[in-house]
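Visitor: Going down the list, the sequences are from chains A and B. For the first sequence, this note's numbering gives the first residue as 1, with consecutive numbering after it. For the second sequence, this note's numbering gives the first residue as 196, with consecutive numbering after it. Cβ atoms here follow ideal geometry from the backbone N, Cα and C, with glycine treated the same way. Have a look at the structure that comes next, please.
There are 2 protein chains.
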Amino acid sequence: MTARALDALVEALRRLPGVGARSAQRMALQLLQHDRAGAAQLALALQQALAAVRHCTRCHTFSEDEVCAACLDATRDDSQLCVVETPADQAAVERTGSYRGRYYVLMGRLSPLDGVGPDALQARSLIERALDGRVQEVILATSFTAEGEATAHTLAEVLRARGLRVTRLARGVPAGSELEYVDLGTIAHAMHDRR
Amino acid sequence: MTARALDALVEALRRLPGVGARSAQRMALQLLQHDRAGAAQLALALQQALAAVRHCTRCHTFSEDEVCAACLDATRDDSQLCVVETPADQAAVERTGSYRGRYYVLMGRLSPLDGVGPDALQARSLIERALDGRVQEVILATSFTAEGEATAHTLAEVLRARGLRVTRLARGVPAGSELEYVDLGTIAHAMHDRR
């Protein structure tokens, strides 16, 4: 491509996660040729999000206010604190309708290989939050991947050392599954945690 | 997610080709949490591209000037005009080093189902360009897909009716292929066009 502004756009699009050189070129072509309104909208949305979005000082999720709506909601149970990795995970737990306590959003997970240690994870801020005197149970709802499990393990140790009750989401067979098609590790966990 | 600016950003990212709801959320999280510089850079690149990038008045490719560098290059052969679908296709032909003529970039291909007819394809502007008195051969280098073939067929008819010599890139067995693994349609074409 000959235009320098176009090359710069392709380069900027490549920084998006999951976007390679070809996708970035395709996106730039699509935006400039067929969807200039979409390109302008994206530029504006980026600037407004950069200006407006910060972290809730209580639960660390994205928020436009100092304290987010979930933390301000007086009907929620202050004695439970559910720790999730991302706002999307928080939304998933919320949609189940099975939890009415508070949240803490890590905005990531332990990943020593990527340089994400307990400091980058805001673990200290989580401990402060959990020791507010009202929280009685911390529910670790990080992913059931290697990194999510390591995160849960590390946080559990630190939180238990401060005398808090720490639980983890149950592992087991997903609803709607036929046992034949469930992986063996999951069945073994479900057998161990049977009730 | 609770922040409105964040929702707007996810919505804007979803307009990118190949980006669904989950990818858009992941991109927004990545940009706001780990790469705010990248987000600012993308916003700026979008605005600069929108302001600076227009179409070359001769070959219709993206350009920041009225006429692009390839059209201004006095060392190129004015008697040949290679018609491609996108700037990326033009770059691919250019990298081969096997062509020193001029280009015309359609910025798309015929796709009646998507509402892209000959008008949207700038076919009229291509004909004007091809009838500049110097062009002696128009080389159709659109894709060898159904839509690319239909585009080549339609353009060939129109251009031949104006008395121009029209050729098409050769179909055949790709370099480096073992015949056993080449699809039968390609082998049949290669047999027919043997030389």
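1. List, in order along the chain, the chain A residues whose C-beta lies closer than 7 angstroms to that of Val248/B?
2. Looking at the unbroken beta strand (DSSP E) that takes in Thr57/A, where does it start and where does it end?
3. Return yes when the Cβ of Ala37/A is within less than 9 angstroms of the Cβ of Leu13/A, no when it is not.
4. Drop a sphere of 10 angstroms on the beta-carbon of Met1/A, count the other beta-carbons inside from all chains shown, and report buried for 16 or more, exposed for fewer.
5. Measuring only the C-alpha atoms, how far is Leu227/B from Ala200/B?
6. Taking 9 angstroms as the CB-CB limit, is Gln80/A close to chain B?
7. Is the CB-CB distance between Leu237/B and Leu44/A below 9 angstroms?
8. For Tyr376/B, is the classification buried or exposed, using 16 other Cβ atoms within 10 angstroms of its Cβ as the cut-off for buried?
9. Strictly under 9 angstroms for the Cβ-Cβ distance: is Gly303/B near chain A by that measure?
10. If you measure from the beta carbon of Gln136/A to each beta carbon in chain B, is any gap under 9 angstroms?
11. Would you report the Cα separation of Arg249/B and Leu354/B, rounded to the nearest angstrom?
12. Can you give the beta carbon distance from Glu400/B to Ser293/B, rounded, assuming they're within the 8 angstroms contact cut?
13. Work out the CA separation of Glu206/B and Pro162/A for me, nearest whole Å.
14. Determine the DSSP secondary structure at Asp78/A, reduced to helix, strand or coil.
15. Whether or not the segment 291-305 of chain B and the segment 57-70 of chain A are in contact is what I'm after, with contact meaning three or more pairs of Cβ atoms, one per stretch, closer than 8 angstroms; do they touch?
16. Any contact between the segment 130-149 of chain A and the segment 108-122 of chain A? By contact I mean 3 or more CB pairs, one from each, below 8 angstroms.
17. Quick check: is the beta carbon of Glu11/A nearer than 9 angstroms to any beta carbon in chain B?
Guide: So, from the data block:
1. What Val248/B touches in chain A: Ala3, Ala5, Leu6 and Leu32.
2. Per DSSP, Thr57/A belongs to no beta strand (DSSP E) and is neither H nor E.
3. Taking 9 angstroms as the cut-off, the Cβ atoms of Leu13/A and Ala37/A do not count as close.
4. In this prediction, Met1/A has a pLDDT of 45, which is less than 50 and means its spatial position is unreliable; nothing more can be read from the coordinates.
5. Each residue's alpha carbon lies about 11 angstroms from the other.
6. Contacts with chain B at 9 angstroms (Cβ-Cβ) do not include Gln80/A.
7. It is not a contact, given that the beta carbons lie outside the stated cut-off.
8. Around the beta carbon of Tyr376/B, fewer than 16 other beta carbons sit within 10 angstroms, so the residue counts as exposed.
9. The Cβ of Gly303/B sits closer than 9 angstroms to at least one Cβ of chain A.
10. No, its Cβ sits nowhere closer than 9 angstroms to a Cβ of chain B.
11. Distance between the alpha carbons of Arg249/B and Leu354/B: 26 angstroms.
12. This structure cannot settle anything about residue 400/B, because the visible part of chain B is limited to 196 through 390.
13. According to the sequence as given, residue 162/A is Arg; it is not Pro. Using only the alpha carbons, I get a separation of about 42 angstroms.
14. DSSP places Asp78/A within a strand segment (E or B) once states are collapsed to three.
15. Between the segment 57-70 of chain A and the segment 291-305 of chain B, the count of C-beta pairs closer than 8 angstroms stays below three; the two stretches do not touch.
16. Taking 8 angstroms as the limit for Cβ pairs, the verdict is that the segment 108-122 of chain A does touch the segment 130-149 of chain A.
17. So yes, Glu11/A belongs to the interface.
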